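So the structure is just underneath, and the comments pick up after that.
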Amino acid sequence: MFSYRHGFHAGNHADVLKHTVLIAVLKHLTAKPTAITVVDTHAGAGLYRLDDDFAATSGEAAEGIVRLRQQPPEPLAPLLADYLELVASFNKAGSLKVYPGSPFVAQALLRPEAKDKLRLFELHPTDSKALAAHVEQIEAQRMVTQVKADGFEGLKAHLPPPSRRGLVLIDPSYEIKTDYGKVTACVQDSLKRFATGTYMVWYPVIPRPEAHDLPRRLKTVTNNAGKPWLHAVLNIGHAEAKAERPGLTASGVFVINPPHTLKAGLKPALEQMVEALGQGRGQSHLLESAG
Ligand code: SAM
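Next up, the structure:
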């Protein structure tokens, strides 16, 4: 079975990038009154304690959300302000103990009154149970369905959503290298079912051919479908002392049918992510788009 647990990574630099983009996309989609459906194919446990054993063991949040919150660049880019504000809403004033994963980032922005829907898939038995328990605690739980099932497969039944408006977040752990191929196949198939949907894929920038190829393949699939895309990479680099084992230093987000406002909003936010989270050698960002 899988060994990946997002609890070790919650609130790290990759989550800062992913959840900042997720909030920006959802704020745009919910600005119109029509209902939206959000499908999160790889949901994780939903909520994470930053003071539990997972977070303490990895210390990854310290180099992500914790650092950004303690030393925010000024004036803060609006997308980062939205991100910090949303995370703060899960915590008591002045403290940072709880970190919301993508299901709760989305849930916080969805509107029960507009009949927005949130569909969650999580395969890991423990995280799936934790997710169910967290969902049970929210008032608006009727807008959420959660299943312990393969998100790549389960997604198909939700496309297109009834209101023909929505977002699909595809955020696997890439523990198995076939995940890379599955992501491309999933996007290709999904665009046939729901061509006007917004899709967001997260991926790690690591020295593995499949990871290197993924954004290139996503561009090809998206260009072939005649759809616009945006691609953002955050590389926090690493300190000289960590040159031997730097860990994950970079990740990317690929958005298909992005909001037209996303690129302009993300530019200053990405620059500030590098400024606030950069560790030294190799720190950089990339922001490109087409269509
Ligand atoms: N999206 C979450 C967030 O941003 O808070 C993090 C998700 S984590 C990177 C990936 C999750 O996918 C893990 O919890 C893992 O157990 C789960 N997973 C792995 N393969 C899966 C599959 N085929 N379908 C659904 N979930 C899967």
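Residue numbering for the sequence shown is 7 to 297, as defined by our numbering.
For each residue, glycine too, the CB sits at the ideal point set by N, CA and C.
Values in this document were obtained by computation on a predicted structure and should not be read as measured data.
Proximity test, His130 beta-carbon vs the ligand SAM heavy atom, cut-off 6 Å: The nearest non-hydrogen atom of the ligand SAM is less than 6 Å from the C-beta of His130.
May I ask you to report which of helix, strand or coil DSSP gives His48? His48: coil per DSSP, three-state reduction.
What number of angstroms, rounded off, separates the C-alpha of Lys38 from the C-alpha of His244? C-alpha of Lys38 to C-alpha of His244: approximately 41 Å in a straight line.
How big is the Cα-Cα spacing for Pro167 and Ala16? Cα-Cα distance, rounded: 29 Å.
Flag this pair as yes or no: are the beta carbons of Val207 and Ile176 separated by less than 7 Å? Yes; because the gap between Cβ atoms is below 7 Å, this pair is in contact.
How about Leu56 and Tyr105: do their beta carbons lie closer than 7 Å? Yes, Cβ-Cβ distance for Leu56 and Tyr105 is below 7 Å.
Any heavy atom of the ligand SAM closer than 6 Å to the Cβ of Gly187? Incorrect: Gly187 has no Cβ contact closer than 6 Å to the ligand SAM.
Classify Asn230 as helix, strand or coil using the three-state DSSP reduction. Residue state, collapsed to three classes: helix.
In this structure, does DSSP put Gln113 in helix, strand or coil? DSSP places Gln113 in helix when its eight states are reduced to three.
Residues near Val31 by beta carbon distance below 8 Å, same chain, minus five either side: Once the five neighbours on either side are set aside, the close Cβ partners of Val31 are Leu173, Thr204, Met206, Val261, Pro264, Pro265 and Leu268.
Can you tell me where the beta strand (DSSP E) holding His237 begins and where it ends? Under the DSSP assignment, His237 falls in the beta strand (DSSP E) whose first and last residues are Trp235 to Asn241.
For His218 and Thr255, the rounded distance between their alpha carbons: So the alpha carbons of these two residues sit roughly 14 Å apart.
Helix, strand or coil at Ala256 according to DSSP, with G and I counted as helix: If DSSP states are grouped into helix, strand and coil, Ala256 belongs with the strands.
Do Ala231 and Leu197 have their CB atoms nearer than 7 Å? Going by C-beta atoms, Ala231 is nearer than 7 Å to Leu197.
CA-to-CA distance, Lys98 to Ser9, given in whole angstroms: Approximately 32 Å between the Cα atoms of the pair.
Residues that DSSP places opposite Pro213 in a beta bridge: BP columns for Pro213 are empty, so no partner.
Inter-residue spacing [alpha-carbon to alpha-carbon] between Arg75 and Glu216: Taking C-alpha positions only, Arg75 is separated from Glu216 by approximately 33 Å.
Taking just the CA atoms, how far does Gly286 sit from Asp122? C-alpha of Asp122 to C-alpha of Gly286: approximately 42 Å in a straight line.
Report buried or exposed for Asn229, applying the criterion of at least 16 other Cβ atoms within 10 angstroms of its Cβ. Exposed, since its Cβ has fewer than 16 Cβ neighbours within 10 Å.
Bridge partners for Tyr54 per DSSP, in chain order? Answer by DSSP bridge pairing, in chain order: Tyr105.
When the distance is taken between beta carbons, is Pro109 closer than 7 Å to Asp46? Taking a C-beta distance under 7 Å as the contact criterion, Asp46 and Pro109 qualify as a contact pair.
Output yes or no for whether 7 Å exceeds the beta carbon distance between Leu124 and Val44. Cβ atoms of Leu124 and Val44: closer than 7 Å.
Answer yes or no: do Gly258 and Val211 have a C-beta to C-beta separation smaller than 7 Å? Cβ atoms of Gly258 and Val211: closer than 7 Å.
Ignore the nearest five residues each way along the sequence and tell me which others in Ile42's own chain have a CB closer than 6 Å to its CB. Within the same chain, Ile42 has close Cβ partners Leu35, Asp122, Arg171 and Gly172.
So, does the region 56 to 68 touch the region 16 to 28, judging by three or more C-beta pairs under 8 Å? Between the region 56 to 68 and the region 16 to 28, the count of C-beta pairs closer than 8 Å reaches three or more; the two stretches touch.
Beta-carbon separation of Ile29 and Leu92 under 7 Å? A contact, by the Cβ cut-off of 7 Å.
Relative to the C-alpha of Ala67, which candidate in Leu283, Leu292, Leu82 and Ala247 has its C-alpha closest? It is Leu283 whose Cα lies nearest to the Cα of Ala67.
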